[in-house]
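As numbered in the UniProt record's numbering, the sequence shown has no gaps in its residue numbers, which increase by one up to the final residue, 366.
Down below is the structure, laid out as structure tokens.
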Amino acid sequence: QNPSQGTLLRATQFLADELPIRIAHRVKELDNLPHNLSEMPSIVKVKNWYAQSFEELVNFPKPELPTSMREKLSANSSEHTKLPDNVPNISINLTNSGKLNPSIPICHRYYSNIDEVNWPPEVRYYNEKFTKLIEAIKRRHDPVVTTVGILEYKQHKKSAVIDTDIQAFLDRFYMSRIGIRMLIGQHVALNRLPSRPDYVGIICTKTNIAQTVQDAADNARFICEEYYGLFRAPEIQLYCPHDLIFTYVPTHLSHMLFELLKNSLRAVVELFGDEVDEYPPIRVIVAEGKEDITIKISDEGGGIPRSNIPLVWTYMYTTAEVQKLDPDFVDTDFKAPMAGFGYGLPISRLYARYFGGDLKLISMEG
């Protein structure tokens, strides 16, 4: 919660090495897109953003430190943090002995301790300068989701469905984007934000699910009332222990809940019309098991035909009127639409999967 300047410097060095690699992979993928997608204006714009960020990172100067300080940074700490055992992840490569084969040495990781020393002012200045750089990169990439919409591709192909190879690319691209923003957000929070109880950067060790659901519900109902001109949006009923907490990134959970609740609200309002006195409620049920915490959202919005279930996970598929953005759109904070971009569900599923969870849709048509 209170990292030293030495720990932050090690984190800075890690990001200075890691971020250019991740960004370079994305640029290469954007260059190799099929169907001439790489030549479309929106893709070229995003590729230029990533290329500019890559150039800024690789040209960022190394810190000028005395030899003794450099040795201190490269040496292992005399005290290692003992981490709890992980639940085995079958997707991670194991060595023949059954142990993890980490690509990052222990001494280079965020959680490795550094013995306390009096770090010179140059270290604080270097950390601050790098933090400003990645903040600028994060702002530059804010509109990437709305820009890489493949709307031009759909219009060119005259099809409502995206090819499987494009779908796979978008899954990889957006998952990588979540990872990059997670690293940047965590680093900026450790450098910028004051120490907060129960928080380590943007990770909350005691995320209150009931409060997070309530906040997302209030935001979704506000958007619904504004969009449809309603006096009162459908009620959202919450069934959850008020003291249920777990370790998570609250913004990730809030994003998923907000998107799902918006979908439920829209389905209910459009099925029953905007002139009824009372709508059937939307129910959010939270269950805590021995291994998982499950959040179930159920509504009476009419369901989805079985033939359309696979389509809801494809990008740009939407049952609402398609939203349009100006070609020069670069806003970092625009008003969230009720629906129409077609990436709310697939990106929410990526957020759920990022930390080993999942998002499933079970529909009862009618």
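A virtual CB, placed ideally from N, CA and C, is assigned to each residue, including glycine.
If you're wondering where the values come from, they're calculated on a predicted model, not measured in any experiment.
Inter-residue Cα distance where the pair is residue i and residue j
| i | j | result |
| --- | --- | --- |
| residue 308 | residue 364 | 12 Å |
| residue 329 | residue 20 | The predicted position of residue 329 is uncertain, since its pLDDT is 46 and thus under 50; no value can be drawn from it. |
| residue 254 | residue 204 | 13 Å |
| residue 180 | residue 245 | 26 Å |
| residue 295 | residue 2 | 33 Å |
| residue 283 | residue 133 | 43 Å |
| residue 56 | residue 34 | 28 Å |
| residue 251 | residue 220 | 15 Å |
| residue 210 | residue 40 | 43 Å |
| residue 311 | residue 27 | 28 Å |
| residue 357 | residue 289 | 14 Å |
| residue 208 | residue 234 | 24 Å |
| residue 47 | residue 172 | 15 Å |
| residue 14 | residue 145 | 26 Å |
| residue 16 | residue 225 | 44 Å |
| residue 227 | residue 175 | 30 Å |
| residue 53 | residue 129 | 15 Å |
| residue 24 | residue 51 | 8 Å |
Simplified DSSP assignment, three categories, for residue i
| i | result |
| --- | --- |
| residue 268 | helix |
| residue 361 | coil |
| residue 94 | Low confidence applies here, because residue 94 scores a pLDDT of 46, under 50, leaving its location unreliable; read the following figure in that light. Correct three-state label for residue 94: strand. |
| residue 166 | helix |
| residue 124 | helix |
| residue 294 | strand |
| residue 30 | helix |
| residue 347 | helix |
| residue 315 | coil |
| residue 130 | helix |
| residue 35 | coil |
| residue 58 | helix |
| residue 355 | coil |
| residue 427 | Limits of the chain in this structure are 1 at one end and 366 at the other, which puts residue 427 out of reach. |
| residue 176 | helix |
| residue 44 | helix |
| residue 4 | coil |
| residue 19 | helix |
| residue 49 | helix |
| residue 382 | Nothing about residue 382 can be read from this structure; the chain reaches only from 1 to 366. |
| residue 171 | helix |
| residue 368 | Since the first residue shown for the chain is 1 and the last is 366, residue 368 is missing from the structure and cannot be characterised. |
CB-CB length for residue i against residue j, believed under 8 Å
| i | j | result |
| --- | --- | --- |
| residue 354 | residue 178 | 5 Å |
| residue 214 | residue 314 | Not a contact, Cβ separation roughly 31 Å. |
| residue 29 | residue 169 | 6 Å |
| residue 183 | residue 122 | The pair is not a contact, with the Cβ atoms about 24 Å apart (cut-off 8 Å). |
| residue 147 | residue 45 | 6 Å |
| residue 359 | residue 348 | 6 Å |
| residue 316 | residue 351 | The pair is not a contact, with the Cβ atoms about 18 Å apart (cut-off 8 Å). |
| residue 274 | residue 229 | 7 Å |
| residue 237 | residue 281 | 5 Å |
Interface flag, residue i vs chain C, CB-CB below 9 Å
| i | result |
| --- | --- |
| residue 265 | Of the protein chains in this structure there is only one, and it is not chain C. |
At least 3 beta-carbon pairs within less than 8 Å: the segment 256 to 264 vs the segment 296 to 305: In the pairwise beta carbon analysis, the segment 256 to 264 is classified as touching the segment 296 to 305: at least three pairs are separated by under 8 Å.
Counting beta carbon pairs with one atom in the segment 183 to 194 and one in the segment 1 to 18, are three or more of them shorter than 8 Å? Segments in contact, yes.
Where in the segment 185 to 214 do unbroken runs of the beta strand (DSSP E), each at least 3 residues long, occur, reported from the N-terminal end onward? For the segment 185 to 214, whole beta strand (DSSP E) runs of length 3 or above, ordered along the chain, are 203 to 208.
Answer yes if the segment 122 to 142 comes into contact with the segment 193 to 209, meaning at least three C-beta pairs across the two stretches below 8 Å, and no otherwise. For the pair of segments examined, the segment 193 to 209 was found not to touch the segment 122 to 142: the number of CB pairs separated by less than 8 Å stays below three.
Quick one: complete alpha helix (DSSP H) runs, 4+ long, within the segment 212 to 287? Every alpha helix (DSSP H) stretch that sits fully inside the segment 212 to 287 and reaches 4 residues is listed by chain position as 250 to 272.
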